[in-house]
Each structure stands twice: as structure tokens, then as C-alpha cells.
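Remarks on the structure that follows.
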Amino acid sequence: MARWGMVIDLEKCTGCQACTTACLMENSRLPGEMWQDVLFYSEGEYPSGKLSWLPRPCMHCENPSCVAVCPTGAAYKAENGAVLIDWEKCIGCKYCMIACPYGVRFYAEEKQKTQPDIRNVFPPSGDKVWDPPYKMPEHVQDPKHGVGIQPKNVVSKCTFCYHRISKAPEGTTDLDPNDPATRDFTPACVVTCAPTARFFGDLDNPESNVRKLIAEKRGTRLLDQTGNRPQVYYLAGESPAIPETRSVRNPKT
Amino acid sequence: MGKIDLTTSRRGFLQATAVTGAAGVVGSVVGEVLQPTPSEALAQAPRPETKITKNVCHQCPARCGIDVYTTNGKVHAIYGTLDHPISNGKLCPKGHLGAYILYDPDRFTGPMKRTNPKKGRNEDPRFVRITWDEALNTIAARLNGLRDKGESHRFALLTGRGWGASDAGLTDNFGKLYGTPNASLGHSSMCSDASKRAKQLMDGNYSYNAYDYRNTNYLLNFGAAYLEAFRPYNNNLQTWGHIRTKSPKTKVTVVDIRVTTTGAAADHLLLVKPGTDGALALAIAHVILTEGLWDKKFVGDFNDGNNRFISGFSVDQSTFTERWTKGLVEWWNAEVKDRTPEWASKVTTIPAKDIVKVAHEFGTTRPAMAIFERGPTTHTNAVYNGLSIHALNALVGSMYAVGGLMSQMGVPYGALPWKVDEYVDDIAKAAAAKKLPRIDRVKTAEGPLWSNMIQGIPDFHMEGKPYKLDTLMFYLTNPIFSTPDCTRWEKALQDIFVIDTSPFPGETAMFADIVVPDHTYLERWQDTPTYPFQGYPLTNLRTPAVKPIHDTKVFGDTLIEIGKRINGKMGEYYKQVGNVDNVLRALAKGFEKNPGDNGVNSFETWAEKGVWYKKPYLWRQIAGEFYEWDGVDYRKPMSPEDVKKRLFKTESGKFELRSSYLEKYADFVNAKLGVPKERVGFPQWLEPRYSGKGDLFLVTPKTPMHAEGRSANIPQAISIYQPVSGGRNQTFLEMHPKPAKARGIKNGDLVHIKSELGSVKVRVHLTPAARPDTIVLPFGFGHWAHGRWAKDRGENASAIIPNISDPISGLTSNYSTLVTVEKTESQA
């Protein structure tokens, strides 16, 4: 089985956040529940000020600290490399949110930042937090893998679009959105990325495009010193956009 | 104890186990495990089919083909269409918002009439639902009444983002048959009219350009938000990924007035003083000419090959022979010889050495192109800034070249079978014979070169010279919110019968007497020919993904239904037309003879593929010679007459560095802008007239999530973090710390931005990277209507921006306002 990983080429990334909205749409996320956010950093002063940005998905770590701290076994590392949450086991204690060095886990708080609260506009049916008309089709939702609309009082996070990648035929090395044969299995953010800054493939396969990119363009991992060993690699290119102030948890501006 | 709800509170469940002990809990847990878990239950459910329909995104003018995913009758996903030449399977951040627009809970659910005769921001219109028949009959009765009184010209239709012959394209015939010059009033005077006009004055095409970006090696970008809004945005992003990693890498210089993602991603960002882009362009031209870097095959050369362009010295015209330009030496003598980088440095605040560096790069890299749009032209010197920039494209030979600029070809649609001229009745003929000006006064002595003047309409109506409007219909535009000094509309609309067609409760709708809501784009059929893209013809067909979810009607059908109810021949015409569907099928007939590259040759195949297109672009300039496509390659030589007819549609058939077209308006330009008559035709530096008595420029850009206002009521969009808009549910004012400190303003303080029109209260975000003389407040916020999320969020700068326009093109001078900023007394 493939061990999926993502490569993000920062030289190509334009900071447009199509990844963000594609994810919100594909995964029926609440406003502000941006599994795939882009962080902006303004540094320096006129006339040599600098604006840079960093797309930040879940890193789907090889050694995920969120899984280590989860008291119920809800957070787990799936066989295909994705770090997932079993919503049937999650108790919403948020330990994982504290343990994650990348700030990529989310909890639908009682008071939504964006008011009026959309959960009151599309009120939940059953145990879910909301029920929008544009929700992911019921048959695709999969709470054991943290896919779809979450029940109340659980943590949510990027699943690498588990509902898509898990349907890829065995032996697929790369999920290329431009290839009709693999497009539907490719994560939403990778499908839509207009400058083609995102690549998705099997990190265990030395023949995969992602492995070649990591080798040729010297892929690097964010906060590698934590020992989490992310499965998301960044290519800094000739004009690296990696910010000087690498605070990725609580960005101000 | 009752059954524990495992799904709503698992943490609560654990707490319960801890306090009550095992015995009480076990039973309920056993009860739970006998039930299928939610995931098992889902696995057993039948799998519904997911339908994919072809549509075209409506978040900007780019015309991205989209696949709309519908399951169980609900749209849940939108992706780019993989085999669509513009979207190529990709989307921009706005493209994914479509379902939120479709299911916006604040949409109008059907036609309504106003029952509160008072109009105002704080007046509840007290709308009541009516039937479509009542709505259409009410409108038709009013329009018939105007015709009976000989006042048909007092009906106007104002459109914004309408596309295609089946949509806003229907308004021309409506006006002709009805008898009003005002049926096709547009909004382009607050869009980018000055760039179109500048291009027309030089190369003869009144149009935005098509661009061969993928093959250019140098992109010199004056104020076009290439990575934020410049259309086709999605394709620009795709292009960016290519040009910045191809060999050789395309070098990019951005000239702007604030730090944008476009500027930050570029190789150089030159932060000019607002309104001075033209000075920079002239200095670049100066360097290109003095250093002999111009494209000699396109422009021509000195007869003996020796460069006589020396700073400050005139040149004898007879020593130079021009090829495809007209007026180079005259231009040099009249303007460019004195426009040194040192001079431009004083005007623009950009160091001379940086100007020289960019000029060297631009002048020595081929192919290269200079692009611009709204930024440099939102000032009173709009057209002259545009001319100065566009002149660079001639100097580096990029017109119609590989990696250069083209003009857009049209689509070979089938002709509509209904002969409109046969249905023009005596009332309409009598109305036309009056030769009344449009209400927006375009093509009058006031604005001989305006093509629209939306921002003037409220004043012109209130002046009533030569007439006042009686009935005003709005389609896809909301000028009460968006034009400069926007509150003028609130007075002007008091005595006008207002018809709004928006599906959303915008500000215009709050002044409406009757609302006939349109479908959203996912519910409709519509043709959408491309904006200028890569030159070759392309047109899309929107196919509804779902049946209309409310009692709405597509704008085209509303117009046709009103037409049917007009007495006399006009009614007969529209009964013949029938509906939008008939129009679309007539258009598609044109593809029978002209099948697209993707096999589209009928209405049905058009709907299936979503797009008809036919490559290649037919003309190309290669090393100063023009060729037409011969079926295999660009090998058929074009005569100068061919070039004049097809490409340079100017008086001379050349790219005019001395515009003969503009010289025809020398008296007008001299009177309005003070340019000496003999200099009017040259691209030149003209000092912008800044308005206001303040000391800081207020600029109000659109953010990447703006979506032409269509994202304003989408909480998912509102919460997204973006530079300048603040994001995460807030808007803020970008301000450099120096001017802030001088005013005692700290980061996060509330301040008043004041102009002579009033003030808005906003929160400051200190931004050291910003120009110290320029503050940035994003446009699109501060709605007082438009839905529960849009309303009362942030401030609308349009309320304090004075209504000043470029006299030549009519484009609003939005970024020329000097304001004051002071800390508010109360910080709450």
C-alpha cells in the first residue's frame, strides 16, 4: 500500500488560497475551519518590505505527536500514511490540538468567530454540528476516518481527502489531477491548485514523482526538529518563500 | 438514568463513567453497541448517482469552465473542467464558492413589490410576494404608459456583469424596439475603460488585450493584480506556475502602490507614488531609446544605423525610417528626450538606478510585454498613463508577436432568425428621431470618448437636463454601494421607479419598487463568450446543475417576457423570440459550419462539452513581418492593408505613438486637461489632479476573495485570512508606522478616515512594508444590506471617495483621493 505524501512548491505557490476554499467545499467545513490554510507574513520596512506566505495543511507526520497524546485512540495513523480521527472515539478533549506543532487541528467552538453562526442557519439533523444543503453526500461521509460533517464535540482535521485517496487503485505511484485516470482520487487542494504547486504521491516508492521532486529540488520539512517527521515536503526553490518568523501556530498577520 | 447520547458528548460520557461508576452505565453501552455505528449505517445506504454538469464560473469575468457536482439534487462541489482551455481543471479561490451562492439563505425567493412608498437606508421596503404575471404586467404597464406619452427614453436599463447574446446582449434590441437610448447602460467606467481607450488610441482596438503570457520572458506589470484579481485570474495562476519554472524563467517586475502578493512574488516590486506609473514608463522608454534597445525590425531604425537618441537632444525626423510605428521621432522630440530616469525618480519616488535596471532588463529580454489595467488608470491622467505604458509594447516589438499581445477574435455564432428592424414601430422611430443623449451623457460634448458613465447617472438624473429618468432597471450591478460618492444614488432613486433583478437583497434592491429575481449561475442556461484570453475564439454554454430552487426567472427571459407585453410590433417580436432557449439554439447553429476543436457542432454537443473553441489565433508578427495562418503555420504574408484591416485599426494602419484619433479631440483634451493642443496625441507625463485636502492617499483594492461582491454574504469567504482584508472576520486599514506614530496611532487603534465627503471608522493594522503616504482599505465591505453576513461588516470606502473621473475615458479616479486619518476618541 502506498504511503501518501504531499509536496508543495513554494516557488510556484501564489498564496491564492484556492486550496483553502476547495477544501472547505469538498469537505463541508464550517467557516473558519480551514484545514488547508495559507499563512501570511509581512516583514521588513518600505521600500524593502516583504510579504510571504506559507500554505499549511496537516503534515500527516510519520511520528505524529497528536496520536501519541490521544487518550481514547481516536487519533490514529492509517495504513496509507494519513493521520486521521475516528469521530466515534473522539471525546473532544483537545489534547491533540495542544500537541500538534503545526496548529492544524480544529474544534467547532460554541462561539463561532464569524457571526451569525451558520450552524443556526443550517441547523443539525441528528448528531452532526450542522446540516448545510451543500454538504458532502451522505454515502461519502465516513466518521471513522474523520470524513464529512463532524458530530458535535470532536476535533477535526485534514484527512488528505481520505475518501478520495483511499479509492486509488493499488499500485498507483502518483495522484495526478491532470490525468483523468487519477484525478478523482486526488485531494481537493491538489486538484485545484492552479499554478501546480502541489504534488501527491507515494513516499515509499522511489520511482514516484514526489520522491523525485524531493530529491531534485531539495525538499524540506517544516519544524523537522520536533521529530514528527512530516509527510508534507516543501520545495523552497530559487526564491524561497519560507518566512523568517516561522510561527505557524498562532499567526497574527 | 437516561440513555447517554454518545454522539453529542463523548467527553460528558467519560465524566459520567467517572462519577457514577461502572454499574449504572454498562446497560446503556450494551444498548448502544447493538445498534449499527453511524459509519456502518452509511455503508448500507444506497449509493445515489452524482451528476456532473458543465457551467461557467461567475465570480469574475474569466469564463472558467466548471464541472458542477450534484448528488440527490444538491450541488456540493465545483471543480474546473479538465478539457476547458481557460480553467484546465483548475480553479481560483473564488471558483469553489458557487454552492454557497446558490444556497445563500438570504436570497429572494420570488418576485416582490414594495409596499412602503418611502425609500431610504433605514426604510423597510415592506416587500410582499407577487406572482410573475403581476410583476411582469406591472412593469409592462408602466413601460407602455411611457411609450404612450412619448417618453420612452425615460426608461433605462443598467447592467454590470452580463454576458453573451442570450443575456445582457439582449438589451440593445430591447432599446431599439422600445425607443430608448438607455437600454444598454454599462458599468465599465468604474472598471477599466481607460486601458481600452488607451489601446484603441494607439493600436486601433477598443478592447482589452489577449496575451501570450506562456511564451513571454519578461512581464512588466503596471498595477494589474495578476495573482489576485486580474482576469483570467485562474489562468494567470496556471501561467505563473509555468513561466516561473520554465527555461528561461520569465522575469517579472511589478509596479504598484502597495505590497501585493503579485508584487511580493515578482522579482522586483517598485512601489510608486499613486498616479505616476506613466512617468516611470516614459523613463523606461527613454532608456530603451538612448541605449538603442528598441526592436528595430518592428519599430525601424536610423537610416545609417547610428543611434541619435541622446538625452535632452532633438532628432531630425528624416534620419529615421519607421516600420510599424508612427510618430516615434516626434514623440521623442516632444516628450521622451527629457524623461530621464533622474526626472522620473523625482516624480515616482523610485530611485533612478532601479528604473535603469528595469529598463535594461525589459529592453534586452525578448519576448517582453508591458501590461496594465486599472491601477495606473484610476487617476485623472488615466489615458496618458495608459498610452505611456502601452508605447513600451511597440518599442520591444511585442504586438502580435510570440510572447506578446493580441486582440481577441469573435465567435461565429448563428444569426438570430428574427429581423429586429422589421419590428421597430412608429413610437420607437419617433423616439430615435429625437436623437436624445443617453442619460449618462456618453458621446456628448461632455464626454465624447466615454463609453459609459455610470457614476454620473445620479447627478445627471437630478439635474434633469435634458430629461429625468422615470424607470430604471438594474441587472448585476449595485452602484448604490460601489460607485464613488455612492450615497448620491440614495437621493437620485427617490423619484425613480426601480426594478431590481438581483437574486440577493443588495442595497439596490432596498430601493426597488419591484424585484424580479434572477437565477444564480448554477440554475441557468446562458452563452458566455470569452473575455480577451489567447486571441482564438471561444464561447461557453452554461447548463443548469439544478432546477431553480426558488421562484426566480433568468434575466433574459424576464426581459423577453416584458417585451411580449409591450403593445404593438415590439410585443410581436418577443413572441417570435419566445425565450432564451430559442436564442441559444439559434446561436449554436453557427457551429454547424464551424465545428470547434473539441467537436462541438450543435447545441447538444455545446451543452455536453460546455465550450466551443477554435485554435489557432490567425495572425502573427515575426521579426517585423506580419503573417496569417495558412492551415499549418504562420506563413501567408500580410500586406500593410491586411494589417490595417485586421490588426492595427488606426488611421495610419500603424501603432501610433502620435495618436491621430486622440488629436481629433485636441480641443476637448486641451480644455479639460490643459494639454497643449499640438501635444495631445503623444503619450506623455500629465500630473494627476489629486482630490481632497488630506495628506494620505486612500486606495481601496479588491481582495482575491472579493468575487465582484458576490462573496460578501458568504461566511466561508469572510473568514478566510488574506493580506489587506484582515480576514478571519475583520477588516483593517493598512498604515505605515511613521504616519501612525505622528498621529498617536498604535496598532489596532480605531481611526477615522476623513475626506470632504465624510468619514469612516476603521481599525489600523500597522504595516511597515506599506508606502508611508498611502493607506489601504479593501473594497467590498461596509454593506448596509445584502444579507446577514454582509451587512454592517467593515466600512465602505466608496462613501468617502469623491466622484472624479478621467475626462477622456470617463474612468473613475478612485485612487487619487487624499484623506486625513486621526485616532477616534472612543476606542470601543
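Protein sequences appear in the order of chains A and B. Numbering follows this note's numbering, with no gaps: position 143 of the first sequence is 143. Position in the second sequence (from 1) plus 1000 gives the number in this note's numbering. We treat Cβ as the ideally placed atom computed from N, Cα and C, and that holds for glycine.
CA-to-CA distance, residue j to residue i, given in whole angstroms
{"i": "residue 79 of chain A", "j": "residue 2 of chain A", "result": "8 Å"}
{"i": "residue 155 of chain A", "j": "residue 1413 of chain B", "result": "54 Å"}
{"i": "residue 1557 of chain B", "j": "residue 1516 of chain B", "result": "11 Å"}
{"i": "residue 1347 of chain B", "j": "residue 1270 of chain B", "result": "13 Å"}
{"i": "residue 39 of chain A", "j": "residue 53 of chain A", "result": "5 Å"}
{"i": "residue 1187 of chain B", "j": "residue 1484 of chain B", "result": "12 Å"}
{"i": "residue 254 of chain A", "j": "residue 14 of chain A", "result": "This structure does not reach residue 254 of chain A, given that chain A is present from 1 up to 253, and the question cannot be answered."}
{"i": "residue 1397 of chain B", "j": "residue 1620 of chain B", "result": "12 Å"}
{"i": "residue 1356 of chain B", "j": "residue 1230 of chain B", "result": "27 Å"}
{"i": "residue 1830 of chain B", "j": "residue 1626 of chain B", "result": "Nothing about residue 1830 of chain B can be reported from this structure: the residues present for chain B run from 1001 to 1828 only."}
{"i": "residue 1865 of chain B", "j": "residue 1378 of chain B", "result": "Residue numbering for chain B in the displayed model covers 1001 to 1828; residue 1865 of chain B lies beyond these limits and cannot be assessed."}
{"i": "residue 1751 of chain B", "j": "residue 1260 of chain B", "result": "23 Å"}
{"i": "residue 1489 of chain B", "j": "residue 1464 of chain B", "result": "14 Å"}
{"i": "residue 48 of chain A", "j": "residue 1769 of chain B", "result": "7 Å"}
{"i": "residue 1686 of chain B", "j": "residue 1220 of chain B", "result": "21 Å"}
Extent of the continuous beta strand (DSSP E) run through residue i
{"i": "residue 1752 of chain B", "result": "1750 to 1755"}
{"i": "residue 1612 of chain B", "result": "1611 to 1613"}
{"i": "residue 1473 of chain B", "result": "1471 to 1475"}
{"i": "residue 1408 of chain B", "result": "Taken as a continuous stretch (DSSP letters only), residue 1408 of chain B belongs to no beta strand (DSSP E), as it is neither H nor E."}
Neighbourhood of residue i by C-beta distance below 6 Å, restricted to the same chain and skipping five residues each side
{"i": "residue 950 of chain B", "result": "The structure shown has nothing for residue 950 of chain B, since chain B only spans 1001 to 1828."}
{"i": "residue 1374 of chain B", "result": "1192"}
{"i": "residue 59 of chain A", "result": "102, 230 and 232"}
Span of the alpha helix (DSSP H), counted from its first residue to its last, around residue i
{"i": "residue 53 of chain A", "result": "Residue 53 of chain A -> not in any alpha helix (DSSP H); beta strand (DSSP E) instead, spanning 50 to 56."}
{"i": "residue 1461 of chain B", "result": "1457 to 1463"}
{"i": "residue 1330 of chain B", "result": "1328 to 1334"}
{"i": "residue 1201 of chain B", "result": "1193 to 1203"}
{"i": "residue 949 of chain B", "result": "There is simply no residue 949 of chain B to check, as chain B begins at 1001 and stops at 1828 in what is shown."}
{"i": "residue 1054 of chain B", "result": "Unbroken run through residue 1054 of chain B is the beta strand (DSSP E), 1050 to 1056; no alpha helix (DSSP H)."}
{"i": "residue 1591 of chain B", "result": "1590 to 1593"}
8 Å CB neighbourhood of residue i in its chain, flanking five on each side removed
{"i": "residue 30 of chain A", "result": "108, 112, 118, 119, 129 and 130"}
{"i": "residue 1076 of chain B", "result": "1069, 1070 and 1099"}
{"i": "residue 1754 of chain B", "result": "1694, 1800, 1819, 1820, 1821 and 1822"}
{"i": "residue 137 of chain A", "result": "none"}
Coarse secondary structure for residue i, derived from DSSP in three states
{"i": "residue 1236 of chain B", "result": "helix"}
{"i": "residue 8 of chain A", "result": "strand"}
{"i": "residue 1772 of chain B", "result": "coil"}
{"i": "residue 222 of chain A", "result": "coil"}
{"i": "residue 1805 of chain B", "result": "strand"}
{"i": "residue 1509 of chain B", "result": "helix"}
{"i": "residue 1734 of chain B", "result": "strand"}
{"i": "residue 1812 of chain B", "result": "strand"}
{"i": "residue 1244 of chain B", "result": "coil"}
{"i": "residue 1621 of chain B", "result": "strand"}
{"i": "residue 1514 of chain B", "result": "strand"}
{"i": "residue 1415 of chain B", "result": "coil"}
{"i": "residue 1340 of chain B", "result": "coil"}
{"i": "residue 1526 of chain B", "result": "strand"}
{"i": "residue 1442 of chain B", "result": "coil"}
{"i": "residue 1602 of chain B", "result": "coil"}
{"i": "residue 1143 of chain B", "result": "helix"}
{"i": "residue 1663 of chain B", "result": "helix"}
Whole-Å CB distance - residue i paired with residue j, under 8 Å assumed
{"i": "residue 1764 of chain B", "j": "residue 1745 of chain B", "result": "6 Å"}
{"i": "residue 1734 of chain B", "j": "residue 1775 of chain B", "result": "6 Å"}
{"i": "residue 1851 of chain B", "j": "residue 1544 of chain B", "result": "Past the boundaries of the shown model lies residue 1851 of chain B; chain B is included only from 1001 to 1828, so the question cannot be answered."}
{"i": "residue 1540 of chain B", "j": "residue 1065 of chain B", "result": "6 Å"}
{"i": "residue 1207 of chain B", "j": "residue 1408 of chain B", "result": "6 Å"}
{"i": "residue 1239 of chain B", "j": "residue 1214 of chain B", "result": "6 Å"}
{"i": "residue 188 of chain A", "j": "residue 22 of chain A", "result": "4 Å"}
{"i": "residue 1479 of chain B", "j": "residue 1499 of chain B", "result": "No, residue 1479 of chain B and residue 1499 of chain B are not in contact; Cβ-Cβ is about 14 Å, not under 8 Å."}
Contacts around residue i, its chain only, beta-carbon distance under 7 Å, and the 5 residues preceding and following it disregarded
{"i": "residue 1008 of chain B", "result": "In this prediction, residue 1008 of chain B scores a pLDDT of 31, lower than 50, which makes its location untrustworthy; no coordinate-derived value is stated."}
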